[in-house]
Structures are given as C-alpha cells and as structure tokens.
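Oh and the sequence shown: position 4 is 4 in the UniProt record's numbering, straight run, nothing missing.
Don't be surprised by glycine CBs; every beta carbon is placed ideally from N, CA and C.
Report on the following structure.
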Amino acid sequence: MIVTTVNADDWTCLARRGMLFAECESVDWWRLSEKDELRVSAAHAVEEAVIVLDGTATAQVGDETHSLRAGQVLLLLDRTDAVLSGEATVLTVRAMPSAVSSALPPRIPELVSS
Numbered sequence: 001m002i003v004t005t006v007n008a009d010d011w012t013c014l015a016r017r018g019m020l021f022a023e024c025e026s027v028d029w030w031r032l033s034e035k036d037e038l039r040v041s042a043a044h045a046v047e048e049a050v051i052v053l054d055g056t057a058t059a060q061v062g063d064e065t066h067s068l069r070a071g072q073v074l075l076l077l078d079r080t081d082a083v084l085s086g087e088a089t090v091l092t093v094r095a096m097p098s099a100v101s102s103a104l105p106p107r108i109p110e111l112v113s114s
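The structure is reproduced here in structure tokens:
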C-alpha cells in the first residue's frame, strides 16, 4: 500500500483509486485540532463516510449542526458538503453512490488455472 503524508500531524492518505476496489475512491486519515476546519465535499458522483475514531467534532451540513463523538459515522450523500471542527481523529472513505456503481458492467474475477 502506498501511504502519502502531507503533514504527519494533520492528514495521511491511506489509499487512492488505483489501490482500491472499483467503487472506492479514497481512504484518508485526518487529525483535527481546535483551530482546524475540515471541509468535506461529496461532489463529482461520490458519497463520503466520515468516521470519528477518537475525540469529538461538530459537523455543519447545510443548515444542520451535528455533534459527533468517537464511534459515530456521518454519511454524506452525493452533492453534499460539510465542515468539521473540533478535536478529533477521523477517517474519511469516499465511494461511488449505488446509482453510479450499479451502471458499471459486472466484474468477473480472473481465475487462474494451473
């Protein structure tokens, strides 16, 4: 697995498109501090799960405010934006919505015979 670290204290990309199963676009690890805001945008035909690993965060999604704590997940549908703040470690997983992935041709695993 290729791990890309921009700033070891803030963000690490654990996996990107080519390393993942077709419907999954990326898996990212984030550490938020009180002064940080994380803008999450589920645009361009993706949905995003924001998983709070530890700490607490506040998510502003449109006019709604959600309080999140360790063990909770915020699901963002396609064309939804959120702004997260607080002190927390979060994992974000971006994937295609079912409307997109169901239109893909079926995958047939390659079988190797010996």
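- Of Thr65, Asp81 and Ala59, the smallest CA-CA separation from Ala45 is found for Asp81.
- For Val52, no alpha helix (DSSP H) run applies; the uninterrupted beta strand (DSSP E) run containing it begins and ends at Glu47 to Val61, by DSSP.
- Membership of Ala99 in any beta strand (DSSP E) is not indicated; the residue belongs instead to the alpha helix (DSSP H) covering Ser98 to Ser101.
- Looking at the DSSP output, Arg69 shares a beta bridge with Thr56.
- Sequence-distant partners of Leu84 (beyond 5 residues in either direction) whose C-beta falls short of 6 Å from its own C-beta, in its chain, are Leu38, Ala57 and Ala59.
- Proximity of the region 88-96 to the region 49-56 meets the contact definition, three or more beta-carbon pairs being nearer than 8 Å.
- Under DSSP, Asp81 shares a beta bridge with Ser41.
- When C-alpha distances from Glu23 are compared across Ala103, Ser102, Leu104 and Ala95, the shortest belongs to Ala95.
- In the three-state reduction of the DSSP assignment, Glu87 falls in the strand class, which pools E and B.
- Looking at the backbone, the Cα of Leu68 and that of Ser101 are separated by about 29 Å.
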